[in-house]
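Colleague:
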Amino acid sequence: MIEEEIMSATILAAAAAFVCTPIAVWDGDGPIWCAEGPKIRVGNIAAREMDETCRPGHPCPAASGAAARDAVAAKLLEAS
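Structure representation (structure tokens):
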């Protein structure tokens, strides 16, 4: 019985949809603020911070923080 309930909860969780209507972007890897409430971050992206620094031990791309943010915002607009 408990095993069936766990299995059922797993299936429901997998079927749940994540909805995010982006309303703001901070920098090239997020956060991206969603109208529905949550903030999300994009993984595996090398982007400068808005103050033009890079995280230690991470790649430091030539594009500015503002350019990275604008590129993400443009992609989000394209997708909507």
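Each residue of the sequence shown is one higher than the last, beginning at 604 in my numbering. Don't be surprised by glycine CBs; every beta carbon is placed ideally from N, CA and C.
1) Decide if the segment 672 to 680 is in contact with the segment 656 to 664; the criterion is three or more beta carbon pairs, one per stretch, under 8 Å apart.
2) Take A671 and list the residues in its own chain whose beta-carbon comes closer than 7 Å to its own, dropping the five residues that flank it on each side.
3) Use the C-beta contact count for A669: other C-beta atoms within 10 angstroms, 16 or more gives buried, fewer gives exposed.
4) Start and end of the beta strand (DSSP E) containing V628?
5) Roughly how many whole angstroms lie between the Cα atoms of E681 and T656?
Modeller: Reading from the atomic positions:
1) Using a C-beta cut-off of 8 Å, the segment 672 to 680 makes no contact with the segment 656 to 664, since fewer than three inter-stretch Cβ pairs fall below that distance.
2) Correct list, in chain order: D630, G631, A650, R651.
3) Its Cβ having fewer than 16 others within 10 Å, A669 is exposed.
4) Note, V628: beta strand (DSSP E), 625 to 628.
5) Computed Cα separation, rounded: 28 Å.
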